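J.: Quick one: this structure, given as structure tokens, is what I'll be asking you about.
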Amino acid sequence: AAHPAPRCTAPDGVTRFKVALPHTARAIRRGEALVIVAIGSSSTEGVGASDQARTYPALLAEELRRRWPRLAVTVVNKGVGGETAEQMLARFTRDVLPYRPQLVIWQTGSNEVLVNQDVQGYEKTVHEGIARLKATHVDVILMDPQYAPRMLARPRHRAIVDTLGRVATDMKVAVFRRYSVMRHWVTSGKYRMEDIISRDQLHINDASYHCIAILLADSLADATL
Numbered sequence: 001a002a003h004p005a006p007r008c009t010a011p012d013g014v015t016r017f018k019v020a021l022p023h024t025a026r027a028i029r030r031g032e033a034l035v036i037v038a039i040g041s042s043s044t045e046g047v048g049a050s051d052q053a054r055t056y057p058a059l060l061a062e063e064l065r066r067r068w069p070r071l072a073v074t075v076v077n078k079g080v081g082g083e084t085a086e087q088m089l090a091r092f093t094r095d096v097l098p099y100r101p102q103l104v105i106w107q108t109g110s111n112e113v114l115v116n117q118d119v120q121g122y123e124k125t126v127h128e129g130i131a132r133l134k135a136t137h138v139d140v141i142l143m144d145p146q147y148a149p150r151m152l153a154r155p156r157h158r159a160i161v162d163t164l165g166r167v168a169t170d171m172k173v174a175v176f177r178r179y180s181v182m183r184h185w186v187t188s189g190k191y192r193m194e195d196i197i198s199r200d201q202l203h204i205n206d207a208s209y210h211c212i213a214i215l216l217a218d219s220l221a222d223a224t225l
């Protein structure tokens with residue numbers, strides 16, 4: 001197993017999933033090829049990373065291969081910058097389902113904060129998306145917005161984060177609480193905001209992509225024991 005870098009940490013209460021990932025665990029237990037699709041917007045695509053090898057999906061694949069070196073792990077990056085949850089949902093048929101993944105990581109909510117989208121409409125869309133994914137017998141991890149100045153400047157950011165957590169509870173899926181993880185880094189003094197956020201005050205950088213991949217891999221591994 002890989003050992004996280006000392007500063008890539010967050011409290012267990014923030015990183016541990018509240019639900020199991022049975023389809024993912026079964027693939028690992030049987031030694032089957034593990035296919036994960038990461039769908040989302042710019043912070044899945046990798047805006048702010050110095051190159052594509054430093055996006056969180058690429059780094060997540062590396063971390064999982066270190067943990068399970070005999071397992072064939074593929075993490076497919078289907079991030080498209082600027083998209084809302086509704087636009088991502090429209091891509092499920094083309095960009096998610098054909099890969100027949102055991103796990104889908106759906107990063108969503110950031111652009112809803114920026115474009116002031118209706119929160120109730122957002123909640124309905126995420127419910128629908130999770131239902132579609134679960135109907136194909138895959139595990140789902142939601143990833144909420146980043147903790148960044150341009151997010152914090154929008155009062156509705158808290159409503160979007162809370163809505164995503166509520167939907168995860170209602171639909172019994174996991175949520176990677178990126179907002180809380182990054183807030184912990186800053187408020188605990190582990191990082192300054194400028195250490196983890198790009199100059200545009202919105203997108204995460206190499207350091208935070210790296211740590212998010214490590215923590216997400218740890219959370220995923222714990223949930224599949």
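In our numbering, the protein residues as written are 1 to 225. Just so you know, even glycine gets a beta-carbon here, dropped at the ideal spot from N, CA and C. From a predicted model like this one, the values you see are computed outputs, not experimental measurements.
With a cut-off of 8 Å on the beta carbons, I'd call A174 and L71 a contact; round off their distance for me.
T.: Locating residue 174 in the sequence shown gives position 174, counting from the first residue. Locating residue 71 in the sequence shown gives position 71, counting from the first residue. Actually they are not in contact, since the Cβ atoms of A174 and L71 sit about 20 Å apart, beyond 8 Å.
J.: Within 8 Å, do at least three Cβ pairs link the region 58 to 73 to the region 86 to 103?
T.: Judged by Cβ distances under 8 Å, the region 86 to 103 makes no contact with the region 58 to 73, as fewer than three pairs qualify.
J.: So, at 8 Å on beta carbons, what are the nonlocal neighbours of M88 in its own chain, with the 5 sequence-adjacent residues on each side left out?
T.: The sequence position of residue 88 within the sequence shown is 88, counting from 1. Counting only Cβ-Cβ distances below 8 Å, and skipping sequence neighbours, we find I39, G40, S41, V80, W106, T108 and G129.
J.: Based on the DSSP secondary-structure assignment, which residues constitute the bridge partners of V37?
T.: Stepping through the sequence shown from its first residue, residue 37 is reached at position 37. In DSSP, V37 forms a bridge with V76 and V104.
J.: What are the boundary residues of the alpha helix (DSSP H) that L215 is part of?
T.: For this step, residue 215 is matched to residue 215 along the sequence shown. Element bounds for L215: D206 to A223.
J.: So, at 8 Å on beta carbons, what are the nonlocal neighbours of D258 in its own chain, with the 5 sequence-adjacent residues on each side left out?
T.: Shown here, the chain extends from 1 to 225; a query on residue 258 therefore has no answer.
J.: Hey, could you find the ends of the beta strand (DSSP E) I141 is sitting in?
T.: Your numbering for residue 141 matches position 141 in the sequence shown. Run containing I141: D139 to M143, per the beta strand (DSSP E) assignment.
J.: I'd like the list of long-range same chain contacts for C8, defined as Cβ closer than 8 Å, with 5 residues on each side in sequence excluded.
T.: Looking up residue 8 in the sequence shown gives position 8. Correct list, in chain order: H210, C211, I214 and L215.
J.: What does the alpha-carbon distance come out to for the pair L97 and R67?
T.: Here the question's residue 97 lines up with position 97 in the sequence shown. Here the question's residue 67 lines up with position 67 in the sequence shown. Distance between the alpha carbons of L97 and R67: 26 Å.
J.: Assuming L133 and T24 form a contact by the criterion Cβ under 8 Å, report the distance between their Cβ atoms to the nearest whole angstrom.
T.: Position 133 of the sequence shown, counting from 1, holds the residue named residue 133. Position 24 of the sequence shown, counting from 1, holds the residue named residue 24. Rounded, the Cβ-Cβ distance is 13 Å, inconsistent with contact.
J.: Between which two residues does the beta strand (DSSP E) containing V175 stretch?
T.: One-based indexing of the sequence shown puts residue 175 at position 175. It spans A174 to F176 - the beta strand (DSSP E) in which V175 sits, taken as one unbroken run.
J.: Classify L225 as buried or exposed, calling it buried when 16 or more other Cβ atoms lie within 10 Å of its own Cβ.
T.: Taking the sequence shown and counting its residues from 1, one reaches residue 225 at position 225. L225 should be labelled exposed.
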